[in-house]
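No gaps in the numbering here: position 178 of the sequence shown is 178 in full-length UniProt numbering, and each next residue is one more.
Using N, Cα and C, we set each Cβ at its ideal position, and we do this for glycine too.
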Amino acid sequence: MTTDLDDAAATFGEVRPRLFGIAYRMLGSVHEAEDLIQDVWLKWQAYDRSTVKEPAAFLATMTTRLAINATQSARVRRETYIGPWLPEPVDTSADPALGAERGEALELAVLLLLEKLSPTQRAAYVLREAFGYPYDEIAEIVQLSEANVRQLVSRSRKRLADERREPVDGAEQRRLLNAFLAAAQQGDLASLEQLLAADVASYSDGGGVARASRIPVLGRTQVSKYVASFASRFWVGTTLTWVETNGRSAVLIARDGVAFALVTVSASAEGIDQIQWAMNPAKLTAVTPPGAALS
Numbered sequence: 001m002t003t004d005l006d007d008a009a010a011t012f013g014e015v016r017p018r019l020f021g022i023a024y025r026m027l028g029s030v031h032e033a034e035d036l037i038q039d040v041w042l043k044w045q046a047y048d049r050s051t052v053k054e055p056a057a058f059l060a061t062m063t064t065r066l067a068i069n070a071t072q073s074a075r076v077r078r079e080t081y082i083g084p085w086l087p088e089p090v091d092t093s094a095d096p097a098l099g100a101e102r103g104e105a106l107e108l109a110v111l112l113l114l115e116k117l118s119p120t121q122r123a124a125y126v127l128r129e130a131f132g133y134p135y136d137e138i139a140e141i142v143q144l145s146e147a148n149v150r151q152l153v154s155r156s157r158k159r160l161a162d163e164r165r166e167p168v169d170g171a172e173q174r175r176l177l178n179a180f181l182a183a184a185q186q187g188d189l190a191s192l193e194q195l196l197a198a199d200v201a202s203y204s205d206g207g208g209v210a211r212a213s214r215i216p217v218l219g220r221t222q223v224s225k226y227v228a229s230f231a232s233r234f235w236v237g238t239t240l241t242w243v244e245t246n247g248r249s250a251v252l253i254a255r256d257g258v259a260f261a262l263v264t265v266s267a268s269a270e271g272i273d274q275i276q277w278a279m280n281p282a283k284l285t286a287v288t289p290p291g292a293a294l295s
């Protein structure tokens, strides 16, 4: 015989992938999203559920509003983050859309751009572009007029389009990442320069825990020299494992069985325009194969 709490758990379990998908896109962190979803579950248990006509809509609303608040506090913490902050990669090999009808607002480069939006603007964009919510429902969730929501989403689309070129498809992204890794390991300056866009940016997220560049490296010449400069020591004794993170190919780098970095690239027709090095151990747990160690 099922209890009321059993029914609550079943309802929550059905919509949990979507709730996590919303929270992760809002926060750019697996750990923070998991904590938020746990909070939603606790509130759902304690709530007078007999008053809720549409549980899925209610839970999505609760998740989004909590995520807006969490995003505001997360920004304050990131102001004191040591070095560049990058979104926490998540394994999408089992769930390519990560709880969404579309895989929008999931790629690491896009999540990084979403950091420039206000929390409410980000929520409106995520709900519309990743989950296809109607504007009137988004308006109710974020407590704005429908006209304001339409304007927020439109401005978000324009801002992302202005700041990001049309990305290459998955196969080309993987080819470019493979070519970049080959050139990086050899310290091949000429090959690196051929692969990189003129305004390429390299971000290394060590969080003050792992040794990493504390400022972004910008421009084809500077990035090529930077990557070539550490080739003779960085890659010695490493093993590379291909993984899928945030819907794109990435490579997990390990030494003596210990994973210490994950690298991926975003690219357009002009070449690789962003290189992301996730080196903070706390950000590798969600993409490390079972049994693999972390530095």
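Beta-ladder partner(s) of residue i, from DSSP
i	result
Trp-277	Ser-204, Val-263
Glu-244	Ser-249
Ser-156	Beta-bridge pairing links Ser-156 to no other residue.
Gln-238	As written in the sequence, residue 238 is Thr, which differs from the Gln given in the question. Thr-238 pairs with Arg-255.
Leu-218	Ala-201
Inter-residue spacing [alpha-carbon to alpha-carbon] between residue i and residue j
i	j	result
Val-263	Asp-91	13 Å
Ala-269	Ser-202	18 Å
Thr-63	Ala-9	16 Å
Leu-5	Gln-45	7 Å
Val-15	Met-26	17 Å
Asp-7	Pro-55	11 Å
Leu-106	Ala-130	8 Å
Ser-29	Asn-69	15 Å
Thr-241	Phe-234	16 Å
Gln-185	Val-236	9 Å
Thr-3	Lys-53	19 Å
Val-223	Arg-164	19 Å
Closest residue to residue i among the options (Cα-Cα distance)
i	options	result
Gly-206	Tyr-81, Arg-174, Phe-20	Tyr-81
Ala-149	Pro-84, Leu-127, Asp-162, Arg-165	Residue identity check: residue 149 is Val in the sequence provided, not Ala. For the residues Pro-84, Leu-127, Asp-162, Arg-165, the minimum Cα distance to Val-149 belongs to Leu-127.
Ala-261	Asp-273, Val-287, Pro-96, Val-52	Val-287
Glu-137	Ser-224, Ala-57, Arg-65, Glu-129	Ala-57
Thr-239	Ser-224, Asp-256, Lys-225, Arg-233	Asp-256
Leu-176	Ala-190, Gln-194, Arg-164	Gln-194
Val-251	Ala-182, Val-30, Glu-166, Leu-98	Ala-182
Val-40	Phe-12, Lys-53, His-31, Gly-28	Phe-12
Lys-283	Phe-131, His-31, Trp-242, Glu-104	His-31
Gly-99	Ala-161, Leu-19, Glu-172	Leu-19
Thr-71	Lys-53, Leu-111, Glu-146	Leu-111
Neighbourhood of residue i by C-beta, 8 Å cutoff - its chain only, sequence neighbours within 5 removed
i	result
Leu-108	Leu-86, Pro-87, Pro-89, Thr-245, Asn-246, Arg-248, Thr-264, Ser-266, Gln-276
Ala-179	Ser-191, Leu-195
Ala-210	Phe-260, Ala-261, Met-279, Asn-280, Pro-281, Ser-295
Ile-141	Ala-60, Thr-61, Thr-64, Arg-65, Ala-123, Leu-127, Tyr-133
Glu-166	Ser-268, Ala-269
Gly-170	Gly-247, Arg-248, Ser-249
Neighbourhood of residue i by C-beta, 7 Å cutoff - its chain only, sequence neighbours within 5 removed
i	result
Ala-23	Ala-33, Leu-36, Ile-37, Thr-63, Ala-67
Pro-216	Pro-84, Ala-201, Ser-202, Tyr-203
Tyr-133	Leu-127
Sequence-distant residues of its chain with Cβ nearer than 6 Å to residue i (five each side left out)
i	result
Val-243	Ala-250, Leu-252, Val-287
Ser-93	Glu-244
Gly-187	Ala-228, Ala-231
Arg-174	Ser-249
Tyr-125	Val-153, Ser-156
Ser-213	Ser-204
Residue i at chain B interface by Cβ criterion, 9 Å
i	result
Asn-246	The chain inventory of the structure shown lacks chain B, comprising one protein chain alone.
**Prompt:** Looking at C-beta atoms only, is the number of pairs between the segment 112–130 and the segment 63–80 that lie closer than 8 Å three or more?
**Reply:** yes
**Message:** Quick test of the definition: if touching needs 3 or more C-beta pairs under 8 Å, does the segment 221–237 touch the segment 147–156?
**Reply:** No contact exists between the segment 221–237 and the segment 147–156.
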